[in-house]
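Single-structure report; data block below.
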Amino acid sequence: MNKQPQVTERTKAVLCKAFWSLYATQTLDAISVRLITDIAGYNRGTFYLYYRDVHDMLQQIEESLLNKLDTLVASLTQHHEHYNMTAALEEVLQFMYAQRSYITVLLGTHAEQFAATRCSHALWKIISTHQLSQPSNNQTTPQEQQYMQAFVTQGLLAVIVQWLDSSDQNSTQTEPTNTLTAAQLAHMMVETLIPSRLL
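All the letters of the sequence shown, read from the start, carry residue numbers 1 to 199 under full-length UniProt numbering.
Here it is as structure tokens:
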């Protein structure tokens with residue numbers, strides 16, 4: 001049996017973990033291939049088997065993570081009948097909690113706008129799917145919808161980052177123990193953070 005794909009995935013995982021330990025505390029420009037490979041215990045040639053440079057590495061990590069989020073949201077929003085926005089938000093929050101070491105950095109202080117935009121679109125997809133599942137009495141213009149989308153999704157992202165930051169980053173639990181659970185936060189978002197005209 002060929003173990004090469006397993007070795008490749010394990011090697012990339014070690015390199016990514018080393019990169020992420022640096023990116024959590026440093027700007028991207030301060031991180032070199034040498035720093036990553038020294039922490040990972042590999043030589044630079046191994047790094048270049050998988051990535052062109054540090055920027056390519058970040059882009060691949062972001063793409064992989066955000067594609068998983070997009071896939072999750074697509075599966076949650078494919079059926080409008082019996083759609084439950086709170087349950088959909090809860091699943092997205094559980095995903096983000098499981099990926100919190102990445103999400104908090106991607107949406108944190110020196111994050112790229114790309115990740116925040118993709119996460120905002122995912123959250124808006126959940127809200128807009130709820131709107132489609134309800135009888136239409138919404139009289140908002142497309143421009144008003146854009147403003148509401150920006151306002152609501154940025155607020156939700158800020159709450160999510162705060163929630164993830166207040167959870168134990170080293171915990172192996174599937175739910176936070178020192179803050180709201182994903183279900184509690186999803187319920188709070190629907191009840192208090194999303195304007196009633198969107199519900």
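For every residue, glycine included, the Cβ atom is placed at its ideal position computed from N, Cα and C.
- When the alpha-carbon of residue 99 is set against those of 6, 181 and 164, the nearest one is in 164.
- Within the same chain, 124 come within 6 angstroms of residue 149 by CB-CB distance, once the 5 residues on both sides are set aside.
- Within the segment 86 to 163, the complete alpha helix (DSSP H) segments of 4 residues or longer fall at 100 to 106 and 113 to 133, listed in chain order.
- Note on residue 64: under 16 other CB atoms within 10 angstroms of its CB, so exposed under the neighbour-count rule.
- Between the C-alpha atoms of residue 143 and residue 153 there is a straight-line separation of about 15 angstroms.
- The segment 88 to 103 and the segment 66 to 76 touch, with no fewer than 3 CB-CB distances between them shorter than 8 angstroms.
- Residue 193 and residue 187 have their alpha carbons spaced roughly 10 angstroms apart.
- The alpha-carbon of residue 47 is positioned some 7 angstroms away from that of residue 37.
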